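Letter by letter, the sequence shown follows residues 11 to 165 of the working numbering.
What follows is a set of notes on a single structure, which appears directly below.
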Amino acid sequence: MNEKLGTTNSRRRSGLPRGWLKDESGTVAVIAAVTLPVLVGAMGLGAETGYWYLKDRKLQHAADVSAHAAAVRYRAGDQKPALETTAKRIAMASGYSPGSLSVSTGAGAGGSHKVTVELSETHPRLFSSIFSSEPVTMSARAPWPRSMVAPRLAC
11 MNEKLGTTNS RRRSGLPRGW LKDESGTVAV IAAVTLPVLV GAMGLGAETG YWYLKDRKLQ
71 HAADVSAHAA AVRYRAGDQK PALETTAKRI AMASGYSPGS LSVSTGAGAG GSHKVTVELS
131 ETHPRLFSSI FSSEPVTMSA RAPWPRSMVA PRLAC
């Protein structure tokens, strides 16, 4: 009986009964409880990143079509204020929410002229707000030098 008592005392000293060390019931629940929040957080960050890529692509599309429209107006002989108005109208029709829009004209390679439209907008953070509270700023730039010649009056 002393041997049993000695064994019991040694188990008490270690702090964990031997039966608990061998018992494997409930381990799946513990693993799920630990990994599920990590998995859901990773899925949320992945979805937010996909949202950013979608918004960035839409912003680039708006910059491209507004640069093309401004280039057509530039070739027709319009001045910079009219180019900005045209670019803003076309960008908003393409889904751009009013943010920062700039139109610049200048000389391109080979003596041609080019029109450049730059757009930027900010979006609030969703899941990633646990890392930073600053909003996400996206920008798109669309130069349009494609086969343009010096501005001339249209027929």
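A virtual CB, placed ideally from N, CA and C, is assigned to each residue, including glycine.
For clarity, every value in this text was computed on a predicted model and none was experimentally measured.
Between residue i and residue j, what straight-line distance do the alpha-carbon atoms span, to the nearest angstrom?
{"i": "residue 39", "j": "residue 149", "result": "45 Å"}
{"i": "residue 113", "j": "residue 99", "result": "13 Å"}
{"i": "residue 166", "j": "residue 53", "result": "Because the chain spans 11 through 165 in this model, residue 166 falls outside it and cannot be assessed."}
{"i": "residue 101", "j": "residue 142", "result": "29 Å"}
{"i": "residue 20", "j": "residue 49", "result": "Reliability of the predicted coordinates at residue 20 is poor, the pLDDT of 49 falling under 50, and the value obtained from them is presented with this limitation in mind. Going by the C-alpha atoms only, they are around 41 Å apart."}
{"i": "residue 36", "j": "residue 62", "result": "40 Å"}
{"i": "residue 87", "j": "residue 106", "result": "26 Å"}
{"i": "residue 115", "j": "residue 153", "result": "9 Å"}
{"i": "residue 131", "j": "residue 51", "result": "26 Å"}
{"i": "residue 159", "j": "residue 147", "result": "Here residue 159 scores only 44 on pLDDT, less than 50, and its place in the model should not be relied on; the value that follows carries that caveat. So the two alpha carbons sit approximately 34 Å from each other."}
{"i": "residue 34", "j": "residue 41", "result": "12 Å"}
{"i": "residue 95", "j": "residue 82", "result": "13 Å"}
So, under 8 Å CB-CB, residue i and residue j are touching, yes? Tell me the CB distance rounded to an integer number of Å.
{"i": "residue 73", "j": "residue 129", "result": "5 Å"}
{"i": "residue 126", "j": "residue 151", "result": "7 Å"}
{"i": "residue 133", "j": "residue 68", "result": "So it is not a contact: roughly 11 Å between Cβ atoms."}
{"i": "residue 124", "j": "residue 155", "result": "4 Å"}
Would the beta-carbon of residue i fall within 8 Å of that of residue j?
{"i": "residue 97", "j": "residue 76", "result": "yes"}
{"i": "residue 71", "j": "residue 104", "result": "yes"}
Are the stretch 47-60 and the stretch 127-146 in contact at 8 Å, needing three or more beta carbon pairs?
yes
Taking 8 Å as the cut-off, does the stretch 41-55 touch the stretch 91-100 (at least 3 CB pairs, one atom from each stretch)?
no
What runs of the alpha helix (DSSP H), each 4 residues or longer, lie entirely inside the stretch 68-109?
90-103
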